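Remarks on the structure that follows.
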Amino acid sequence: MKKKVAFVCVHNSCRSQMAEGWAKKLGSDVLEVYSAGTEEYPEVKPKAVQVMEEAGVDMSEHHPKLLTDIPEEIDILVTMGCNVVCPYVPCKHSEDWGLEDPSGGPIEGFRETRDIVKKKVEELIQRVKRGEL
């Protein structure tokens, strides 16, 4: 049975969207993937969409979602390093990845974040496959 994983940050416009994109591409065999934010935001950051497209992940149809848009109970909650207290989300396991938000910076920062997120998603998938999560 697939594990439900939710990637959460404040706006669901960059880091959590990247994590959702990578997890769907790389872990769809073991993960049911969601992402959400704690505050409304109008769009996924264009630079985030661009750098993911460069890596072969299409996020052109992604849009920011809120916590109310994901299942009430999930298996794994991953926060991105929002520097805020996230609302309580019932889950079996939670962790914070402590990622800097590249928003407002140069495209290189988005690429660096994309690559870090990919590595962390790959590690998460391996832990799920090993039965650790």
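Counting from 1, one number per residue, gives the positions in the sequence shown under UniProt numbering.
Glycine included, each C-beta is placed from N, C-alpha and C at the ideal position.
Keep in mind that this is a model prediction, so the values were computed, not measured.
Inter-residue Cα distance where the pair is residue i and residue j
| i | j | result |
| --- | --- | --- |
| residue 161 | Asn-12 | As displayed, the chain neither begins before 1 nor continues past 133, which places residue 161 out of reach and without an answer. |
| Gln-17 | Val-33 | 11 angstroms |
| Asp-69 | Ala-6 | 11 angstroms |
| Val-30 | Pro-42 | 30 angstroms |
| Lys-4 | Gly-21 | 15 angstroms |
| Arg-15 | Thr-79 | 10 angstroms |
| Glu-72 | Lys-92 | 12 angstroms |
| Ile-125 | Pro-106 | 29 angstroms |
| Ala-55 | Lys-118 | 10 angstroms |
| Lys-47 | Lys-25 | 19 angstroms |
| Ser-103 | Leu-77 | 22 angstroms |
| Met-1 | Glu-122 | 19 angstroms |
Delimiting residues of the beta strand (DSSP E) encompassing residue i
| i | result |
| --- | --- |
| Leu-31 | 31-37 |
| Gly-95 | It is worth fixing the name first, because residue 95 is Glu in this sequence and not Gly. Glu-95 -> beta strand (DSSP E) spans 91-96. |
Paired residues, beta bridge with residue i - DSSP
| i | result |
| --- | --- |
| Val-8 | Ala-36, Thr-79 |
| Ile-74 | Cys-91 |
| Leu-67 | Note: Leu-67 sits in no beta bridge, so no partner. |
| Cys-3 | The sequence shown places Lys at residue 3, not Cys. Answer by DSSP bridge pairing, in chain order: Leu-31. |
Nearest-angstrom Cβ-Cβ length linking residue i and residue j, presumed shorter than 8 angstroms
| i | j | result |
| --- | --- | --- |
| Gly-81 | Leu-99 | 5 angstroms |
| Val-10 | Glu-39 | 6 angstroms |
| Val-57 | Ala-36 | The pair is not a contact, with the Cβ atoms about 18 angstroms apart (cut-off 8 angstroms). |
| Pro-64 | Val-44 | 6 angstroms |
| Trp-97 | Lys-120 | 6 angstroms |
First and last residue of the uninterrupted alpha helix (DSSP H) at residue i
| i | result |
| --- | --- |
| Met-52 | 46-54 |
| Leu-124 | 107-129 |
> Three or more beta-carbon pairs under 8 angstroms between the segment 109-116 and the segment 51-59, yes or no?
Replying inline: yes
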